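Colleague: In full-length UniProt numbering, the protein residues as written are 1 to 329.
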C-alpha cells in the first residue's frame with residue numbers, strides 16, 4: 001500500500017502562533033503576508049470541513065489551490081491587500097487553533113522559513129504546484145539506505161539504522177545494545193532484522209506480556225518464537241533433569257514459596273532495627289524483586305522498598321548483606 005503523502009503548508013509556525021494569539025489582529029498581519037500564507041491560514045481554519053473524509057488531504061490541497069488562485073485574481077483586480085482583508089473579516093480564532101491541532105490527522109504540516117525560501121510550492125505564475133508534496137517528501141525522506149534480504153525482499157533504512165543493521169548482519173555472533181527514544185524506529189528495525197534471519201526462527205524476548213503481544217503483532221507470530229524473560233526462565237529451569245519433580249512455572253505461586261518466617265528461620269536472619277526476622281526476610285525478598293525488574297547491574301541499598309519503619313544507615317547496610325543469602329537461594 002502506498003503511504004499517504006503529507007500536505008506541506010507554506011506557512012511558518014511562528015507566524016501561525018502569532019495569528020492564533022488572543023491579542024493578534026488578523027487584518028494587520030495579513031497586510032504583511034503573501035497570498036499563499038493567507039490561503040494557508042484560511043485552509044487551517046476550515047480544515048474540519050473535510051474531517052472523516054477518506055481523501056481529506058487531497059480535498060484540503062484542492063481547497064488551498066483554489067484559494068491561492070482566487071487570491072491572485074483579487075490582488076490583480078482590486079487594491080493590494082484586498083484578499084487579506086476579505087479573509088480577515090471571516091477569521092475565527094477558535095477554529096484556527098482547532099485546525100492547527102488537527103493538522104497531523106490530515107496529514108499536513110507547516111514549513112520552516114528555509115524550506116519556504118527554496119520555493120517550489122507554486123509555479124512562476126503563482127498557482128499551486130500539486131507535485132510539491134511528492135517532491136518535498138522525496139527530498140525529506142530519511143530512508144536512503146537500501147538493503148536486500150536473502151529471499152530478495154528490498155527495504156530502506158535511515159543512515160543511523162543502516163549502520164546498526166550492517167553491524168548486526170555482519171557479526172551475528174556478537175551482542176548489541178541499541179537504545180533510542182520513542183518513535184525513532186526501533187520496532188521497524190527489529191522487523192528488518194527478523195527479515196534478514198528468514199532462514200532461522202529468532203527468539204523474541206520482552207519484559208512483559210503486553211510488550212510481547214505488541215511486538216508479535218507487528219512482526220508476525222509465525223516468524224519468531226516469543227517469550228517474556230519470566231517464561232524463558234521457567235523453561236530453562238524445567239529442563240533441569242536433576243530435579244524432574246520440580247515445576248518452575250509454579251515458582252510465583254504463594255503455595256510454592258517459603259513463608260517469610262520460615263525463610264528467616266532457615267537462613268538464620270535476626271532482627272534489624274525494629275524489624276522482626278520475618279519482616280527482614282520479606283524486605284530482602286522485595287529488594288531482590290525490585291532489582292530484577294530494574295535495569296541496574298548491582299543490587300544494593302537503593303533497592304530497599306518504602307517501609308513504615310525508619311532505618312538507620314547501619315540497618316540499611318545490614319539488609320544489603322542479608323539479601324545476599326536470599327538472592328543466592
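By construction, the Cβ of each residue, glycine as well, lies at the ideal position given by its N, Cα and C atoms. Here the structure is a predicted model, which means the values were calculated and not measured.
1. When the Cα atoms are used, what is the spatial distance from residue 237 to residue 101?
2. With a 10 Å radius around its C-beta and 16 neighbouring C-beta atoms as the bar for buried, classify residue 318 as buried or exposed.
3. Determine whether the beta carbon atoms of residue 67 and residue 39 lie at a separation below 8 Å.
4. Please classify residue 56 as buried or exposed, where buried requires at least 16 other C-beta atoms within 10 Å of its C-beta.
5. If we ignore side chains and look at the alpha-carbon of each, how far apart do residue 74 and residue 37 end up?
6. Report the option in 29, 138, 149 and 230 whose CA atom is closest to the CA atom of residue 199.
7. Helix, strand or coil, according to DSSP, for residue 206 in the structure here?
8. For residue 1, which residues in the same chain have their Cβ closer than 6 Å to its Cβ, ignoring the five residues on either side in sequence?
9. What number of angstroms, rounded off, separates the C-alpha of residue 156 from the C-alpha of residue 191?
10. Taking the Cβ atom as the reference point for each residue, do residue 5 and residue 118 lie within a distance shorter than 8 Å?
11. DSSP three-state label for residue 338, please.
12. Looking at residue 221 and residue 121, is the spacing between their C-beta atoms short of 8 Å?
13. Which class does residue 108 belong to by DSSP, given the choice of helix, strand or coil?
14. Spell out a yes or no on whether the stretch 257-276 and the stretch 302-320 are touching, meaning 3 or more CB-CB pairs, one atom from each, closer than 8 Å.
15. Who are the Cβ neighbours of residue 13 in its own chain at under 6 Å, not counting the five residues just before and after it?
16. Need the endpoints of the beta strand (DSSP E) that residue 154 sits in, please.
17. Cβ of residue 60 within 8 Å of Cβ of residue 116?
18. To test your reading of the DSSP string, which unbroken alpha helix (DSSP H) runs of 4 or more residues are found completely within the stretch 4-58?
19. Do you know offhand how far residue 158's Cα is from residue 180's?
20. Helix, strand or coil: how does DSSP classify residue 131 here?
21. I'd like to check one pair, residue 276 with residue 263: are the Cβ atoms closer than 8 Å?
22. In three-state terms, what does DSSP make of residue 167?
23. Among 217, 287 and 225, which residue has its Cα nearest to the Cα of residue 203?
24. State the Cα-Cα distance for the pair residue 82 and residue 124, rounded to the nearest angstrom.
Modeller: Looking at the atomic coordinates:
1. By one-based count along the chain shown, residue 237 stands at place 237. By one-based count along the chain shown, residue 101 stands at place 101. Rounded to the nearest whole angstrom, the CA to CA distance from residue 237 to residue 101 is 52 Å.
2. Your numbering for residue 318 matches position 318 in the chain shown. Result: buried.
3. Taking the chain shown and counting its residues from 1, the one referred to as residue 67 is at position 67. Taking the chain shown and counting its residues from 1, the one referred to as residue 39 is at position 39. In this structure, residue 39 lies closer than 8 Å to residue 67 by Cβ.
4. The residue given as residue 56 occupies position 56 in the chain shown. Around the beta carbon of residue 56, a 10 Å sphere encloses 16 or more other beta carbons of the protein chains shown; the residue is thus reported as buried.
5. Here the question's residue 74 lines up with position 74 in the chain shown. Here the question's residue 37 lines up with position 37 in the chain shown. So the two alpha carbons sit approximately 15 Å from each other.
6. The sequence position of residue 199 within the chain shown is 199, counting from 1. Nearest neighbour of residue 199 by Cα position, chosen from 29, 138, 149 and 230, turns out to be 149.
7. Working through the chain shown from its first residue, we reach residue 206 at position 206. Note: residue 206 maps to strand in three-state DSSP.
8. Residue numbering aside, residue 1 sits at position 1 when the chain shown is read from its first letter. Low per-residue confidence applies at residue 1: pLDDT is 37, beneath 50, and the placement is therefore not dependable, though the value from the model is reported in the following sentence. Excluding sequence neighbours, residue 1 sits near nothing in its chain.
9. The count along the chain shown starts at 1 and reaches residue 156 at position 156. The count along the chain shown starts at 1 and reaches residue 191 at position 191. Spanning the two alpha carbons is a distance of roughly 12 Å.
10. Here residue 5 corresponds to residue number 5 of the chain shown, with the count starting at 1. Here residue 118 corresponds to residue number 118 of the chain shown, with the count starting at 1. Not in contact: residue 5 and residue 118 (Cβ atoms no closer than 8 Å).
11. The structure shown does not extend to residue 338, since the chain spans only 1 to 329, so no value can be given for it.
12. For the purposes of this step, residue 121 is taken as the residue at position 121 of the chain shown. For the purposes of this step, residue 221 is taken as the residue at position 221 of the chain shown. At the C-beta level, residue 121 and residue 221 stay beyond 8 Å of one another.
13. Here residue 108 is taken as the residue at index 108 of the chain shown, counted from 1. Strand.
14. Segments in contact, yes.
15. If you number the chain shown from 1, residue 13 lands on position 13. Once the five neighbours on either side are set aside, the close Cβ partners of residue 13 are 110.
16. Taking the first residue of the chain shown as 1, we reach residue 154 at position 154. Per DSSP, residue 154 belongs to the beta strand (DSSP E) from 154-157.
17. For the purposes of this step, residue 60 is taken as residue 60 along the chain shown, with counting starting at 1. For the purposes of this step, residue 116 is taken as residue 116 along the chain shown, with counting starting at 1. Result no, Cβ atoms of residue 60 and residue 116 do not sit closer than 8 Å.
18. Segments of the alpha helix (DSSP H) lying fully in the stretch 4-58: 13-20, 26-30 and 35-45.
19. Position 158 of the chain shown, counted from the first residue, corresponds to residue 158. Position 180 of the chain shown, counted from the first residue, corresponds to residue 180. The straight-line gap from Cα to Cα measures roughly 14 Å.
20. In the chain shown, the residue the question calls residue 131 occupies position 131. Taken through DSSP and simplified to helix, strand or coil, residue 131 comes out as coil.
21. In the chain shown, counting from the first residue as 1, residue 263 sits at position 263. In the chain shown, counting from the first residue as 1, residue 276 sits at position 276. Cβ atoms of residue 263 and residue 276: not closer than 8 Å.
22. Position 167 of the chain shown, counted from the start, is the residue given in the question as residue 167. Helix at residue 167.
23. In the chain shown, counting from the first residue as 1, residue 203 sits at position 203. Taking each of 217, 287 and 225 in turn and checking the Cα distance to residue 203, the smallest one comes out for 225.
24. The residue given as residue 82 occupies position 82 in the chain shown. The residue given as residue 124 occupies position 124 in the chain shown. Going by C-alpha positions, residue 82 is about 22 Å away from residue 124.
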